[in-house]
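Number of protein chains: 2
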Amino acid sequence: MQLDKLVNYHKAVGDPTRIRIISLLKKGPLHGQAIAYKLGLQPSTITHHISKLRDVGIIYQRRQGNIIYFYLDLERLEYNSKAILSIGEDSMENQENHLQDKDKLSIVKNFINSDGTLKIIPSQRKKKNVILAYLIRDLQHGKTYQEKELNEHIKKYHEDYATIRRELIMQHFMYRQSGEYELNPKEMWPVIF
Amino acid sequence: MQLDKLVNYHKAVGDPTRIRIISLLKKGPLHGQAIAYKLGLQPSTITHHISKLRDVGIIYQRRQGNIIYFYLDLERLEYNSKAILSIGEDSMENQENHLQDKDKLSIVKNFINSDGTLKIIPSQRKKKNVILAYLIRDLQHGKTYQEKELNEHIKKYHEDYATIRRELIMQHFMYRQSGEYELNPKEMWPVIF
DNA sequence: TATCTAATTAGATGTATATCGAATTATAGA
DNA sequence: TCTATAATTCGATATACATCTAATTAGATA
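Line order of the protein sequences matches chains X and E.
Here the first sequence is numbered in numbering that gives the first Met the number 0, starting from 0 and rising by one per residue.
Here the second sequence is numbered in numbering that gives the first Met the number 0, starting from 0 and rising by one per residue.
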């Protein structure tokens, strides 16, 4: 299971109102007005919660005339709740970084001009890390770079080399030792590129 | 398990960073700096997340020298993750809908003649529902009935099949779809029979 | 005791979201 | 077609929270 799916499932269940809805539906299907009445909330609020629960697949619905009945999918609930127990067991291994290639590509496209230079340094951590990884894609592992040399490399993309150089250290893409810079092993990177 | 504990557990796991921490610790204990390093976050952020995971009991810690190692408590994780599956199992019965069998039996006796036909349609809602449930006790769940077919079935008990058929819909014992009738799941019935 | 490092706390900031009321859509039935 | 009701959408608001930096605490050891 993907990291995002795990997160979304637990976010969905991590709300008192939604757990009360789950508890109600466990006894049998109900329609929206009935749920709203039983919980003392407005129908629009129930719609909001139902859609979150439906998004993660643990409830489905069936229309009967003018009324929509909501059902709890106990199998999905069980499957999702137990999924956290098997993370890191096989396919999750490659899941440490949860960005898909196409997402990374679109981030790069958004922040890199047609002439190859960097528009701005992203402020969102995820996007920033993708861009940082992109900027150093040509540097060689195991090779040491003088500060001046590194600055020149960064300047090909953006004039504010000092900020970017500092970010590269802070995000653990590189480390500095007595004035010399070197790439960290990719395992230490916050983003796999 | 209490509602709040359930909510807090799912809130705690419903965050990408914390799931990544769980994933890391599944491979073995780590100290704070190492986690921060591997995730590209500040140590204080790790403290924040660790405390949330510790609050719900799925992480414990042990000091070794100057370093505190954090461990994942897999048993607690498993217990908590499965807890959602057994909410509402403590038979909190709804007295409104739970007539005792002997009461239902006496209602049926009062309204059904010795030849099995229905004397009159009860006007009291509770009694009416008991009788309606009695009238359809032979119908099969999942089977669709033509209107004519349903009429014939009801006529065995009472001549005013139209009224009774309409009541069966209005009280959610059955539903109608494009001229065909079908039993609702018993969970929708206003009376459990 | 003084110092070093890991961990925590405190405060600030930006983002996410639970809830409501009002407006809108969808469907059944007249 | 018109009406009634259930459900949804939309915009607004208040709260929760993830993250950072800076400051502080705690423990080990010199």
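No residue lacks a Cβ here, since even glycine has one placed at the ideal position from N, Cα and C.
No experiment lies behind these values; they were computed from the predicted model shown.
Membership of residue 21(E) in the alpha helix (DSSP H) is indicated by the continuous run 15 to 25.
Pairwise C-beta distances place the region 42 to 62 of chain X in contact with the region 1 to 19 of chain X, as three or more of them are shorter than 8 Å. The beta-carbon of residue 161(X) is placed no less than 9 Å from the nearest beta-carbon of chain E. Counting only Cβ-Cβ distances below 7 Å, residue 14(E) has contacts in chain X at 6, in chain order.
Residues of chain E whose Cβ lies closer than 7 Å to the Cβ of residue 77(X) are, in chain order, 84. The residue from 70(X), 84(X), 80(X) with its alpha-carbon nearest to that of residue 72(E) is 84(X).
When the beta-carbon positions are compared, residue 163(E) and residue 138(E) stay at least 9 Å from each other. Within chain X, the residues 9, 12, 13 have their CB atoms less than 7 Å from the CB of residue 9(E), given in chain order.
Neighbours of residue 128(X) in chain E, taken as residues at a C-beta separation under 7 Å, are given in chain order as 39. Any Cβ of chain X closer than 9 Å to the Cβ of residue 73(E) would place that residue at the interface, and such an atom is present. The C-alpha of residue 156(E) is placed about 8 Å away from the C-alpha of residue 134(E).
Assignment of residue 123(X) by DSSP, reduced to helix, strand and coil, places it in the coil class. The three-state secondary structure of residue 168(X), taken from DSSP, is helix.
In this structure, residue 70(E) sits away from residue 40(E), with a CB-CB distance that is not shorter than 9 Å.
Take the alpha-carbon of residue 111(E) and the one of residue 103(E): they are about 12 Å apart. What residue 80(X) touches in chain E, judged by beta-carbon distance under 8 Å, is 80, 81, 83, 84, going in chain order. Straight through space, the alpha carbons of residue 20(X) and residue 149(E) are spaced by roughly 35 Å.
By DSSP's assignment, residue 143(E) forms a beta bridge with 181(E). Judged by DSSP secondary structure, residue 60(X) falls within the beta strand (DSSP E) whose first and last residues are 58 to 63. For residue 83(X), no beta strand (DSSP E) run applies, since DSSP gives it neither H nor E. Taking C-beta atoms as the reference points, residue 68(E) and residue 28(E) count as a pair closer than 9 Å. Beta-bridge partners of residue 67(E) (DSSP): 62(E). Under the three-state reduction of DSSP output, residue 157(E) falls in the coil class, being neither helix nor strand.
Residues of chain E with a Cβ closer than 7 Å to the Cβ of residue 2(X) are, in chain order, 15, 18. Nearest C-alpha to residue 50(E) among 108(E), 151(E), 31(E), 152(E): 31(E).
In this structure residue 86(X) is in contact with residue 22(E), their Cβ atoms being roughly 5 Å apart against a cut-off of 8 Å.
Residue burial is scored here from C-beta neighbours: residue 36(X) has fewer than 16 other C-beta atoms within 10 angstroms and is therefore classed as exposed. In this structure residue 81(E) is in contact with residue 80(X), their Cβ atoms being roughly 6 Å apart against a cut-off of 8 Å. For residue 154(E), the nearest beta carbon of chain X is not closer than 9 Å to its own beta carbon. Ranked by Cα distance from residue 1(E), the options 88(E), 168(E), 180(E) are led by 88(E). Chain X places no beta carbon closer than 9 Å to that of residue 51(E), leaving this residue out of the contacts. Interface with chain X (9 Å Cβ-Cβ cutoff): residue 147(E) is excluded. Nearest to residue 158(X) by C-alpha distance, out of 143(X), 17(X), 118(X), 61(X), is 118(X). Nearest to residue 143(E) by C-alpha distance, out of 116(E), 154(E), 129(E), 180(E), is 180(E). Within chain X, the residues placing a beta-carbon under 9 Å from that of residue 26(E) are 87, ordered along the chain.
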